[in-house]
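Taken in order, the sequence shown gives residues 7 to 176; the numbers are from the working numbering.
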Amino acid sequence: GELAHNDAAELLSGRASATALARRYGVDPSTVAAWAARAGFETPRRPKVVDEKRRAVAIQHLLAGQDKAVVAAWLRTSQVTVTKLLRQVPGLQARWHQVRTSRARDNACAAWMAVARAAPMLGVAAARRAEPAAYAWLYRNDREWLKLQSSNFTDRRRDANHATVRIERA
(Lines of atoms letter the chains of each structure in order from A and count residues from 1; the text may use other names and numbers.)
(Lines give C-alpha, C1' and ligand atoms only; values in the text may rest on other atoms or scores of the structure.)
Protein backbone atom coordinates (compact mmCIF):
# COMPACT_ATOMS: atom_id res chain seq x y z
CA GLY A 1 0.00 0.00 0.00
CA GLU A 2 1.54 3.18 -1.27
CA LEU A 3 0.29 6.18 -3.21
CA ALA A 4 1.07 6.27 -6.91
CA HIS A 5 3.12 9.28 -7.99
CA ASN A 6 0.25 10.85 -9.95
CA ASP A 7 -2.15 10.33 -7.02
CA ALA A 8 0.30 12.04 -4.68
CA ALA A 9 0.54 14.96 -7.10
CA GLU A 10 -3.26 15.20 -7.24
CA LEU A 11 -3.43 15.18 -3.47
CA LEU A 12 -0.78 17.88 -3.07
CA SER A 13 -2.30 20.13 -5.73
CA GLY A 14 -5.78 19.81 -4.24
CA ARG A 15 -7.26 18.19 -7.36
CA ALA A 16 -8.13 15.10 -5.29
CA SER A 17 -8.93 14.72 -1.61
CA ALA A 18 -7.73 11.99 0.72
CA THR A 19 -11.31 10.74 0.82
CA ALA A 20 -11.53 10.51 -2.98
CA LEU A 21 -8.24 8.63 -3.17
CA ALA A 22 -9.37 6.37 -0.33
CA ARG A 23 -12.47 5.46 -2.32
CA ARG A 24 -10.31 4.81 -5.39
CA TYR A 25 -8.04 2.43 -3.44
CA GLY A 26 -10.83 0.97 -1.30
CA VAL A 27 -9.22 2.02 1.99
CA ASP A 28 -9.93 4.41 4.86
CA PRO A 29 -8.93 8.08 4.40
CA SER A 30 -6.60 7.82 7.39
CA THR A 31 -4.72 5.09 5.51
CA VAL A 32 -4.18 7.48 2.59
CA ALA A 33 -2.94 10.09 5.08
CA ALA A 34 -0.52 7.53 6.57
CA TRP A 35 0.77 6.65 3.09
CA ALA A 36 1.30 10.34 2.40
CA ALA A 37 3.20 10.74 5.68
CA ARG A 38 5.47 7.83 4.74
CA ALA A 39 6.07 9.57 1.40
CA GLY A 40 7.12 12.68 3.34
CA PHE A 41 4.19 15.04 3.03
CA GLU A 42 1.07 15.87 5.00
CA THR A 43 -2.39 15.67 3.47
CA PRO A 44 -4.57 18.75 3.49
CA ARG A 45 -7.20 18.33 6.16
CA ARG A 46 -10.42 19.90 7.22
CA PRO A 47 -10.46 21.28 10.76
CA LYS A 48 -12.15 18.80 13.04
CA VAL A 49 -12.28 18.63 16.82
CA VAL A 50 -8.68 19.75 17.22
CA ASP A 51 -7.79 23.25 16.00
CA GLU A 52 -4.33 24.04 14.58
CA LYS A 53 -2.97 25.63 17.77
CA ARG A 54 -3.91 22.67 20.00
CA ARG A 55 -2.75 20.26 17.28
CA ALA A 56 0.70 21.90 17.23
CA VAL A 57 0.96 21.63 21.03
CA ALA A 58 -0.15 17.99 20.88
CA ILE A 59 2.55 17.28 18.29
CA GLN A 60 5.15 18.83 20.61
CA HIS A 61 3.95 16.61 23.48
CA LEU A 62 4.17 13.55 21.23
CA LEU A 63 7.66 14.53 20.06
CA ALA A 64 8.63 14.61 23.74
CA GLY A 65 7.34 11.02 24.10
CA GLN A 66 4.18 11.79 26.05
CA ASP A 67 1.73 8.89 26.37
CA LYS A 68 -1.15 8.84 23.88
CA ALA A 69 -3.72 8.64 26.68
CA VAL A 70 -2.34 11.80 28.31
CA VAL A 71 -2.35 13.73 25.02
CA ALA A 72 -5.88 12.51 24.26
CA ALA A 73 -7.10 13.63 27.69
CA TRP A 74 -5.48 17.04 27.18
CA LEU A 75 -7.10 17.40 23.74
CA ARG A 76 -10.39 16.02 25.09
CA THR A 77 -10.49 13.49 22.24
CA SER A 78 -10.02 9.77 21.89
CA GLN A 79 -6.74 7.91 21.68
CA VAL A 80 -7.77 6.98 18.14
CA THR A 81 -7.53 10.66 17.20
CA VAL A 82 -4.03 10.85 18.69
CA THR A 83 -3.04 7.67 16.86
CA LYS A 84 -4.27 9.20 13.60
CA LEU A 85 -2.20 12.29 14.35
CA LEU A 86 0.87 10.10 14.93
CA ARG A 87 0.32 8.34 11.61
CA GLN A 88 -0.44 11.46 9.56
CA VAL A 89 2.42 13.80 10.49
CA PRO A 90 5.59 12.81 8.61
CA GLY A 91 8.20 11.33 10.95
CA LEU A 92 6.17 11.85 14.13
CA GLN A 93 5.38 8.21 14.81
CA ALA A 94 9.00 7.08 14.34
CA ARG A 95 10.31 9.88 16.59
CA TRP A 96 7.64 9.14 19.24
CA HIS A 97 8.61 5.46 19.32
CA GLN A 98 12.30 6.34 19.45
CA VAL A 99 11.88 8.69 22.43
CA ARG A 100 9.66 6.26 24.32
CA THR A 101 12.01 3.33 23.71
CA SER A 102 14.99 5.37 24.83
CA ARG A 103 13.17 6.43 28.00
CA ALA A 104 12.07 2.84 28.75
CA ARG A 105 15.63 1.61 28.22
CA ASP A 106 17.04 4.27 30.55
CA ASN A 107 14.48 3.38 33.24
CA ALA A 108 15.11 -0.36 32.96
CA CYS A 109 18.90 0.08 33.01
CA ALA A 110 18.71 2.37 36.04
CA ALA A 111 16.51 -0.11 37.94
CA TRP A 112 18.81 -3.04 37.08
CA MET A 113 21.94 -1.09 38.07
CA ALA A 114 20.34 -0.02 41.35
CA VAL A 115 19.84 -3.68 42.28
CA ALA A 116 23.36 -4.53 41.15
CA ARG A 117 24.85 -1.74 43.27
CA ALA A 118 22.67 -2.47 46.30
CA ALA A 119 23.44 -6.17 46.52
CA PRO A 120 26.10 -7.48 44.13
CA MET A 121 26.18 -10.74 46.08
CA LEU A 122 22.54 -11.47 45.22
CA GLY A 123 23.21 -13.18 41.95
CA VAL A 124 21.27 -12.77 38.74
CA ALA A 125 18.28 -14.91 39.74
CA ALA A 126 17.67 -12.93 42.94
CA ALA A 127 18.17 -9.63 41.10
CA ARG A 128 15.68 -10.80 38.50
CA ARG A 129 13.13 -11.47 41.25
CA ALA A 130 13.84 -8.03 42.73
CA GLU A 131 13.32 -6.18 39.42
CA PRO A 132 11.22 -8.43 37.15
CA ALA A 133 9.92 -5.63 34.90
CA ALA A 134 13.39 -4.20 34.27
CA TYR A 135 14.81 -7.66 33.60
CA ALA A 136 11.97 -8.52 31.21
CA TRP A 137 12.33 -5.26 29.24
CA LEU A 138 16.10 -5.61 28.98
CA TYR A 139 15.87 -9.29 28.06
CA ARG A 140 13.48 -8.50 25.21
CA ASN A 141 15.07 -5.28 23.98
CA ASP A 142 18.74 -5.04 25.01
CA ARG A 143 19.93 -8.53 25.86
CA GLU A 144 23.60 -7.77 25.14
CA TRP A 145 23.69 -4.97 27.72
CA LEU A 146 21.89 -7.19 30.23
CA LYS A 147 24.41 -10.01 29.71
CA LEU A 148 27.30 -7.61 30.13
CA GLN A 149 25.90 -6.09 33.32
CA SER A 150 24.83 -9.46 34.71
CA SER A 151 28.41 -10.67 34.53
CA ASN A 152 29.15 -8.20 37.35
CA PHE A 153 27.08 -10.25 39.80
CA THR A 154 28.96 -12.73 41.93
CA ASP A 155 28.40 -16.29 40.79
CA ARG A 156 26.60 -17.91 43.71
CA ARG A 157 26.61 -21.47 42.39
CA ARG A 158 28.01 -23.88 44.88
CA ASP A 159 29.69 -27.02 43.68
CA ALA A 160 29.69 -28.88 47.00
CA ASN A 161 28.12 -31.99 45.48
CA HIS A 162 29.15 -31.22 41.89
CA ALA A 163 25.50 -30.77 40.87
CA THR A 164 26.32 -27.81 38.67
CA VAL A 165 28.96 -29.75 36.81
CA ARG A 166 26.61 -32.69 36.31
CA ILE A 167 23.85 -30.39 35.03
CA GLU A 168 26.19 -28.62 32.62
CA ARG A 169 27.49 -31.95 31.28
CA ALA A 170 23.95 -33.24 30.82
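All residues carry an ideal CB built from backbone N, CA and C; glycine is no exception.
Between the alpha carbons of residue 14 and residue 69 lies a distance of about 26 Å. The three-state reading of DSSP puts residue 16 in helix, counting H, G and I together.
In this structure, residue 111 lies away from residue 57, with their beta-carbon atoms at least 8 Å apart.
In summary, residue 139 is exposed, with fewer than 16 beta-carbon neighbours lying within 10 Å of its beta-carbon over all protein chains present. Using a C-beta cut-off of 8 Å, the stretch 86-97 makes no contact with the stretch 112-121, since fewer than three inter-stretch Cβ pairs fall below that distance.
Taking the Cβ atoms as the reference, residue 78 lies roughly 7 Å from residue 87, within the contact range of under 8 Å. Across the structure, residue 23 and residue 156 are spaced so that their CA atoms are roughly 55 Å apart.
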